[in-house]
Amino acid sequence: MDSKTKHIKTLDLDFGDFELYTDVIIGRIKEGIHFNLELNNMLADAVISYYGENYKLGYISIRENSYSIDPMVHLHNTKHNDLCCISIVETKAQGMSSVPLESKFFKPGKLKSFPNKEEALLWTHKELLDCFNGSVPNHRMN
């Protein structure tokens, strides 16, 4: 991680572990989970209860386990202006990537795949600057 990104807290939920940083969440969904709207809402509630409403973030998904995701989750998340971008790091070859399909359900150009966490983090920070219109805000954390 770089100096702009400070680890704040880890959420250990039944379906995954989520590291909360100043402006980024790094998530790892557990093996065999079907990540649907219900789980998405549980995660969103936990994130909002920590950061508060209207806190702009990037999300990095580290896909090291085998699980499925309902693409409607991304369609639902397009309604949230505070979720600026999604980076997906696919750590092992698991056949065809679902990222091209998933990206069709999220904001155009704001869901991308990366070979490692470092590249995902660089892109996420660039997208966050765009999301903030070039200025980094002073976030308030609960």
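In the numbering used here, the protein residues as written are -10 to 131. Glycine included, every Cβ here is placed at the ideal spot set by N, Cα and C.
Once you ignore the five residues that flank residue i on each side, which residues in its own chain have a CB closer than 8 angstroms to its CB?
i, result
"Glu91", "Ile58, Pro60, His63, Ile77 and Leu100"
"Asn127", "Model confidence at Asn127 stands at a pLDDT of 45, short of 50, so the residue's coordinates are unreliable; what they give is reported in the following sentence. If we look at Asn127 and ignore the five residues flanking it on each side, it has no Cβ neighbours."
Measuring from the CB of residue i, is there a heavy atom of the ligand MG at a distance below 6 angstroms?
i, result
"Ile58", "In the structure on display, the ligand MG does not appear, and there are no ligands present to speak of."
Beta-carbon separation of residue i and residue j under 7 angstroms?
i, j, result
"Thr113", "Val36", "no"
"Leu28", "Phe4", "yes"
"Leu65", "Leu26", "In the sequence as presented, Leu is not what sits at residue 65; that position holds His. It is a contact, given that the beta carbons lie within the stated cut-off."
"Thr11", "Lys(-2)", "no"
Taking its Cβ as the centre, do 16 or more other Cβ atoms sit within 10 Å of residue i, making it buried, or is it exposed?
i, result
"Ser38", "exposed"
"Ser50", "buried"
"Gly47", "buried"
"Ile75", "buried"
"Ile15", "buried"
"Leu9", "buried"
"Leu111", "exposed"
"Lys115", "exposed"
Measuring alpha carbon to alpha carbon, tell me which of the options ends up nearest residue i.
i, options, result
"Phe95", "Lys81, Tyr10, Cys73 and Lys19", "Cys73"
"Ile18", "Leu2, Lys68 and Asn30", "Leu2"
"Glu20", "Leu32, Ser55, Leu9 and Thr11", "Ser55"
"Glu93", "Glu107, Thr67 and Leu110", "Correcting the residue identity first, residue 93 is Lys in this sequence and not Glu. Among Glu107, Thr67 and Leu110, the Cα nearest to that of Lys93 belongs to Thr67."
"Met31", "Thr11, Leu0 and Asn43", "Leu0"
"His69", "Ala33, Glu107, Val88 and Phe103", "Ala33"
Could you give the residue range of the beta strand (DSSP E) that holds residue i?
i, result
"Ser102", "Leu100 to Phe103"
"Ile77", "Leu72 to Glu79"
For residue i, which residues from the same chain have a beta carbon less than 6 angstroms from its beta carbon, with the 5 sequence-adjacent residues on both sides left out?
i, result
"Lys45", "Asp71, Cys73 and Cys120"
"Asn43", "Asp71"
So, for residue i: in the same chain, excluding its five sequence neighbours on each side, which residues have a beta-carbon less than 7 angstroms away from its beta-carbon?
i, result
"Arg52", "Ile77, Val78, Glu79 and Thr80"
"Ala109", "Ile49, Ser76, Val78 and Phe103"
At what residues does the alpha helix (DSSP H) containing residue i begin and finish?
i, result
"Glu42", "From DSSP, Glu42 is part of no alpha helix (DSSP H); its letter is neither H nor E."
"Asp1", "Looking at the DSSP string, Asp1 is not in any alpha helix (DSSP H); the run it does join, the beta strand (DSSP E), is His(-4) to Leu2."
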